[in-house]
Structure formats: structure tokens, C-alpha cells
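When the letters of the sequence shown are read in order and numbered with this note's numbering, they come out as residues 810 to 992. One structure below.
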Amino acid sequence: MLVKHGSGKTTITKILMRLYPVSKGKITIDGYDLNELSIESIRNNITYISQDSYIFKDTVRKNIVLERDDISDEMVLNVMEQIGAMPLLSRLDNGLDEVVDINRLSKGELQVIAFIRAIVHKANIYIFDEPTSNIDLRTEKMIQNIIDKISKNSTVIIIAHRLATIQNVDRVLELKAGEVIYE
């Protein structure tokens, strides 16, 4: 989805996450009315990553697994290997046990931790809001690799201002004032 400032992307995202009600019309996911799906079901099946990653003052591991016992270190390390994030881990003195210092890691590295979290939690739908804004080219390529990998088995919605971010998508929608002006 290619969007212009003030086009309604935040509103659409909040509607999909059921933070705002659908006021007119109907939104369906796999034929199910969004308003009839439980909030728990939506939270378990839709992962949202904004351009400002939600990172907690805790270890890398805990930032990724979020208290879930069914996500092993092996799973986390496997994902990191697949997406090329092992250099980030090797840079940290304590590996997965390193307490995240947002002043020591770049915005892109924090974004990569959020992406790893999203992958290991295995959602069916991913919404990425400006996933490559304010990051360096190396990290942008890593994130693009992550998006390509996730896209093979899940629905991915990318909200972006930059065309490079959406170069591999199947479908592009351009919005203006809440209306689709290009499809």
C-alpha cells in the first residue's frame, strides 16, 4: 500500500486491529466479518510493526519471546540465521541475554529485533508501517529479506511512502483522503 501523508493509513490500521470500530461497510478476513472476530483472535493472528519499534528494557530474548515458553532459543537463533541477523547477535557481549540499550543499538537494529519477534510468533497477517524508514541500506536489505520470507506463508500489508519498500509486492494501492485512487 503506497500512501500519502494524511490519507487514512493510521485509521485503516487501527480498524484492522479493532482499535476503532468499522463505522460504515464491512471488512472481512477470509470471509469472516472483522466485527464478529474476537479481539483475542485478532491479536493472535495479526502482527503490527510500526516504524518506531516497541522494545522493552529487558533482554533481547525477552523482547523476542514475550514470556512465551513455547519459543525456544533454537527457534530464535534459526530465524536470526535465516534472515542474516547473526552479526547483530555476535556484536552483543551477552548474546540473547544482553539487556537492550536503545542508546547502543541503531533504530534499524531495534527494528530487526521487532521483526524477529514477529516471525517467531507466527501471525497470519503482518502489517508493517514504514518498515524501512530511518535505517541504513544494509539493514533495509535485511528487512526486505525478512518481508520477502514472511510473504511466502502469510498476508503482508506494507504501508510505505518509498517505492523501494514495496518493489516486490503483488498489489499496490494508493490512498488519498481515505479513498483508493490507484490500484
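Positions of the beta carbon are idealized from the N, C-alpha and C atoms, including for glycine.
Among the candidates Val888, Ile944, Ile838, whose CA atom is the shortest distance from the CA of histidine 930?
Translated into the one-based positions of the sequence shown, residue 930 becomes position 121. For the residues Val888, Ile944, Ile838, the minimum Cα distance to histidine 930 belongs to Val888.
Measuring only the C-alpha atoms, how far is aspartate 878 from asparagine 933?
Here residue 878 refers to the residue found at position 69 when the sequence shown is read from its first residue. Here residue 933 refers to the residue found at position 124 when the sequence shown is read from its first residue. Their Cα atoms are separated by approximately 20 Å.
Taking the beta carbon of alanine 923 as the centre, do at least 16 other beta carbons fall within 10 Å, making it buried, or is it exposed?
Translated into the one-based positions of the sequence shown, residue 923 becomes position 114. The residue in question, alanine 923, is buried, as its Cβ has 16 or more Cβ neighbours within 10 Å.
Identity of the residue in Asn954, Asn853, Phe937, Tyr829 nearest glutamine 891 by Cα
Indexing the sequence shown from 1 puts residue 891 at position 82. The residue with the shortest Cα to Cα distance from glutamine 891 is Asn954.
Hey, aspartate 842 and lysine 835 are a contact pair by Cβ (cut 8 Å); roughly how many whole angstroms apart?
One-based indexing of the sequence shown puts residue 842 at position 33. One-based indexing of the sequence shown puts residue 835 at position 26. Correct: roughly 6 Å between the Cβ atoms.
For leucine 811, does the three-state DSSP call read helix, strand or coil?
Indexing the sequence shown from 1 puts residue 811 at position 2. The predicted model places leucine 811 with a pLDDT of 47, which falls under 50 and marks its position as unreliable; any figure quoted below should be read in that light. Assigned with DSSP and collapsed to three states, leucine 811 falls in strand.
Bridge-paired residues (DSSP) for lysine 818
As a first step, residue 818 is located in the sequence shown; it is residue number 9 there, counting from the start. According to DSSP, lysine 818 bridges with nothing at all.
I'd like the span of the alpha helix (DSSP H) that includes isoleucine 966, first residue to last.
By one-based count along the sequence shown, residue 966 stands at place 157. Note, isoleucine 966: premise wrong, no alpha helix (DSSP H); beta strand (DSSP E) at 964-968.
Which residues in the same chain as threonine 837 place their Cβ atom closer than 7 Å to its Cβ, once the five residues preceding and following it in sequence are excluded?
By one-based count along the sequence shown, residue 837 stands at place 28. So the list reads Leu843, once near-sequence residues are dropped.
I need the boundaries of the alpha helix (DSSP H) containing leucine 946, first residue and last residue.
In the sequence shown, residue 946 corresponds to position 137, counting from 1. Its alpha helix (DSSP H) spans residues 946-960.
Look at alanine 927 and threonine 856 and say whether their C-beta atoms are less than 9 Å apart.
Within the sequence shown, residue 927 is the residue found at index 118, counting from 1. Within the sequence shown, residue 856 is the residue found at index 47, counting from 1. Result yes, Cβ atoms of alanine 927 and threonine 856 sit closer than 9 Å.
DSSP puts isoleucine 858 in a beta bridge; with which residues?
Here residue 858 refers to the residue found at position 49 when the sequence shown is read from its first residue. Phe937, per the DSSP bridge assignment.
Within the segment 891-940, note down every full beta strand (DSSP E) run reaching 3 residues or more, in order along the chain.
934-938
Drop a sphere of 10 angstroms on the beta-carbon of glutamine 920, count the other beta-carbons inside from all chains shown, and report buried for 16 or more, exposed for fewer.
The residue labelled residue 920 in the question sits at position 111 within the sequence shown. Under this definition glutamine 920 is a buried residue.
Aspartate 867 burial status per 10 Å Cβ neighbour count (16 or more: buried):
Here the question's residue 867 lines up with position 58 in the sequence shown. Under this definition aspartate 867 is an exposed residue.
What's the gap between the Cα of glutamate 845 and the Cα of isoleucine 858?
Residue numbering aside, residue 845 sits at position 36 when the sequence shown is read from its first letter. Residue numbering aside, residue 858 sits at position 49 when the sequence shown is read from its first letter. Taking the straight line joining both Cα atoms gives about 24 Å.
Nearest-angstrom Cβ-Cβ length linking arginine 827 and isoleucine 851, presumed shorter than 8 Å:
Taking the sequence shown and counting its residues from 1, one reaches residue 827 at position 18. Taking the sequence shown and counting its residues from 1, one reaches residue 851 at position 42. That pair is a contact at about 5 Å.
Just to confirm before moving on: does the CB-CB distance between glutamate 939 and threonine 964 stay below 9 Å?
The residue you call residue 939 lines up with position 130 of the sequence shown. The residue you call residue 964 lines up with position 155 of the sequence shown. Going by C-beta atoms, glutamate 939 is not nearer than 9 Å to threonine 964.
Give the list of continuous beta strand (DSSP E) stretches no shorter than 3 residues that lie fully inside the segment 826-880.
Correct list: 855-858.
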